[in-house]
């Protein structure tokens with residue numbers, strides 16, 4: 273298979289679904305870690321086409337969604353300063369802080385710019401030596417290497433008016449936090465293929481053994497998801513709990529050595545707060561001592577931040593897989609993409625955004641009514 277359409281082949285999807293149906297003998301609860309996988313599942317109705325006793329639980333793998341409110345508020349404060357050019361990917365601009373978002377900061381005169389690469393922000397810093405340029409560096413292991421490389425390049429070129437506001441998080445500690453939660457129902461994981469393409473699979477066998485859960489590395493197209501589910505269900509039915517790579521076209525067991533070396537040079541592991549979840553030990557990165565001068569949190573004295581989550585927002589429960597988005601009373605009423613209460617409604621990988629976009633408003637269509645791959 274070389275082309276995208278081949279990973280949406282209806283006949284192959286039917287065969288995979290038939291295999292899953294013939295394999296399942298008891299109820300199983302699987303968590304897809306990545307928000308990109310969630311959008312594929314909801315868009316194509318995959319969860320509605322599976323046997324009733326195979327449940328998909330949406331995980332916290334949306335980097336925009338888990339960026340803590342305190343960091344969002346710090347970004348808003350920094351972006352409001354007249355000497356700052358604040359650069360970000362577009363999906364952060366509508367994420368609500370305690371009382372505003374980056375769009376509102378821009379409408380009030382803040383120099384907030386959408387860029388498509390952290391290197392774009394570095395170029396802006398070169399072009400504006402009399403201004404401080406800050407790039408909002410968020411994401412999982414996938415986006416961390418280019419952000420690390422940009423800081424490395426800024427130091428190499430002696431560009432001193434560039435800094436990074438860091439909110440990077442790591443998947444394996446999140447899996448551990450999910451499995452140690454008293455409310456956990458997860459029996460297996462579909463791991464994010466793009467994360468493993470960078471970091472490899474070395475951290476997952478210990479988790480699979482300790483918690484006795486299958487972890488299947490999975491891609492993002494419909495057939496990728498179905499193949500991941502098929503392999504996961506087979507392990508569960510056999511009582512196995514191994515790490516399996518169902519995405520070999522992109523993932524090698526060792527990951528990307530050059531990217532990992534860059535991460536080890538620029539970042540160091542730290543505890544990180546996840547929005548709606550809380551602090552997870554060793555679940556994030558910050559700039560290492562060698563690059564501390566490029567850390568926006570150190571460069572700008574942003575203190576006295578008081579955060580306040582909307583009382584009606586249940587996005588934290590959505591991120592933990594405790595409820596589905598339409599089970600929140602605010603979903604689709606007071607909370608919409610135009611008036612979001614939480615980041616899960618405006619992020620391109622947010623579960624609430626997926627349910628709203630694909631009209632999962634509380635009713636459960638029959639498999640024939642689902643948006644089909646088959």
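Numbering (our numbering), first residue to last: 273 to 646. Backbone N, C-alpha and C fix where the C-beta goes; we use that ideal spot for every residue, glycine too. Just so you know, these numbers come straight off a predicted model, no measurement behind them.
- The three-state reading of DSSP puts residue 621 in coil, since its state is none of H, G, I, E or B.
- For the pair residue 599 and residue 296, the Cα-to-Cα distance works out to about 27 Å.
- Excluding the 5 residues flanking it on each side, residue 426 has same chain C-beta neighbours closer than 7 Å at 394, 434, 566, in chain order.
- Residue 468: not part of any beta strand (DSSP E); member of the alpha helix (DSSP H) spanning 465-471, first to last residue.
- By the Cβ-count criterion, residue 512 is exposed, with fewer than 16 other Cβ atoms from all chains shown falling within 10 Å of its own Cβ.
- For residue 304, the uninterrupted beta strand (DSSP E) segment begins and ends at 300-306.
- Apart from sequence neighbours up to five positions away, the residues of its chain that approach residue 613 with a beta-carbon distance below 8 Å are 368, 582, 584, 585, 587, 602, 606, 607, ordered along the chain.
- By the Cβ-count criterion, residue 379 is exposed, with fewer than 16 other Cβ atoms from all chains shown falling within 10 Å of its own Cβ.
- Note: residue 607 is bridge-paired with 603 in the DSSP secondary-structure output.
- By alpha-carbon distance to residue 484, the top candidate from 457, 468, 471, 529 is 457.
- Along the length of the segment 294-360, whole alpha helix (DSSP H) runs at least 4 residues long occupy 307-315, 318-321, 335-338, 341-351, reported in chain order.
- Nearest C-alpha to residue 404 among 373, 350, 386: 350.
- Apart from the 5 residues on each side of it in sequence, residue 348 sits with its Cβ closer than 7 Å to the Cβ of 369, 372, 374, 377 in its chain, given in chain order.
- As DSSP reads the structure, residue 385 sits in a beta bridge with 359.
- The Cβ-Cβ distance between residue 516 and residue 541 does not fall below 7 Å.
- When C-beta atoms of the segment 538-553 are compared with those of the segment 417-426, three or more pairs fall below 8 Å, so the two segments count as touching.
- For the pair residue 284 and residue 464, the Cα-to-Cα distance works out to about 22 Å.
- Residue environment for residue 533: exposed (fewer than 16 other C-beta atoms within 10 angstroms of its C-beta).
- Taking a C-beta distance under 7 Å as the contact criterion, residue 557 and residue 338 do not qualify as a contact pair.
- The segment 292-310 and the segment 326-345 touch, with three or more beta-carbon pairs separated by less than 8 Å.
- The alpha-carbon of residue 624 is positioned some 15 Å away from that of residue 304.
- Pairing residue 353 with residue 342, the inter-Cα distance amounts to about 17 Å.
- In terms of Cβ geometry, residue 590 and residue 616 form a close pair [threshold 7 Å].
- In chain order, 472, 473, 474, 517 place their CB closer than 8 Å to the CB of residue 525, counting only its own chain and leaving out the 5 sequence neighbours on each side.
- Excluding residues up to 5 positions away in sequence, 479 lie with their Cβ nearer than 7 Å to the Cβ of residue 448 in the same chain.
- In this structure, DSSP gives residue 404 an extended state, which the three-state scheme calls strand.
- In the DSSP annotation of this structure, the continuous segment of the alpha helix (DSSP H) that includes residue 422 starts and ends at 416-429.
- In the structure shown, the three-state DSSP call for residue 554 is strand.
- For a cut-off of 8 Å, the C-beta gap from residue 400 to residue 344 is around 24 Å, too long to register as a contact.
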